[in-house]
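Report on one structure; see the data block that follows.
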Amino acid sequence: MRRRKAREIALRMLYQMETNADDPERALERYCETFPYHADVIAYTRQLLSGITREKVTIDTYIAEASEHWKMNRITYVDKNILRIGVYEMLFAPDIPMKVAIDEAIELSKKYGGAGSREFINGVLDKIAHNYYTKENQKDHES
5 MRRRKAREIA
15 LRMLYQMETN
25 ADDPERALER
35 YCETFPYHAD
45 VIAYTRQLLS
55 GITREKVTID
65 TYIAEASEHW
75 KMNRITYVDK
85 NILRIGVYEM
95 LFAPDIPMKV
105 AIDEAIELSK
115 KYGGAGSREF
125 INGVLDKIAH
135 NYYTKENQKD
145 HES
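Spelled out as structure tokens, the structure:
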């Protein structure tokens, strides 16, 4: 499966949702009319979009907690949505290793983000990974 391409398409659709209040499925349908992709790419794109939409409150909470000195409304749309993809894959996609989710988000930031995006995204995702891992270990020990 070409998941990197699916992540790129998901980023575009999330950006569209953010700037135009578009429905993710409708935005993806319109995009695919112009740029047809293989079924596996679109299937993973749909999985990302539906998962991020479903878990947005939780994902954004993790991002806000890890983004020291940055309010969510100050993070660029591109960086915020790269973070959402990364956090979704880290926490809600069990078939994606955490390190892969972080690396893929960094690759997206290199291609689509601004000058400081790579460092910012890496720092936020590393902090989320550490915080999440710590919380999960505490839960395991309490059980």
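Here the sequence shown stands for residues 5 to 147, where the numbers follow our numbering. Where a beta carbon is used, it is the ideal one built from N, C-alpha and C, also for glycine.
Extent of the continuous alpha helix (DSSP H) to which residue i belongs
i	result
tyrosine 41	Tyrosine 41 -> no alpha helix (DSSP H), and no H or E assigned at all.
aspartate 26	Per DSSP, aspartate 26 belongs to no alpha helix (DSSP H) and is neither H nor E.
asparagine 85	81-96
methionine 102	102-116
glutamate 69	60-70
Nearest neighbour of residue i, chosen from the options [CA to CA]
i	options	result
arginine 30	Leu95, Arg50, His42 and Val45	Arg50
asparagine 24	Pro98, Cys36 and Tyr81	Tyr81
serine 54	Ala10, Val104 and Glu72	Ala10
glutamate 72	Arg7, Gln20 and Asp130	Asp130
threonine 38	Ala133, Ile13, Ile67 and Ala97	Ile13
aspartate 44	Arg6, Glu59, Ala70 and Val61	Arg6
glutamate 123	Ile106, Asn135 and Leu52	Ile106
Close Cβ partners of residue i (< 7 Å) along its chain, the five nearest in sequence each way excluded
i	result
isoleucine 100	Glu93
methionine 21	Pro28 and Ala31
Residue j beta carbon less than 9 Å from that of residue i
i	j	result
isoleucine 86	leucine 15	yes
leucine 95	isoleucine 63	yes
threonine 57	proline 98	no
methionine 102	alanine 133	yes
Integer-rounded CB distance, given that residue j should sit under 8 Å from residue i
i	j	result
isoleucine 89	leucine 112	7 Å
valine 91	isoleucine 67	6 Å
Other residues of its chain near residue i: CB distance less than 6 Å, five sequence neighbours each side excluded
i	result
histidine 145	With a pLDDT of 42 at histidine 145, under the threshold of 50, the modelled position of this residue cannot be trusted; read the value that follows with caution. Once the five neighbours on either side are set aside, histidine 145 has no close Cβ partner at all.
asparagine 126	Ile110
serine 121	Asp83 and Ser113
Proximal residues to residue i (C-beta, below 8 Å), its chain only, five neighbours per side dropped
i	result
cysteine 36	Ile46
methionine 76	Asp64, Ile67, Ala68 and Lys84
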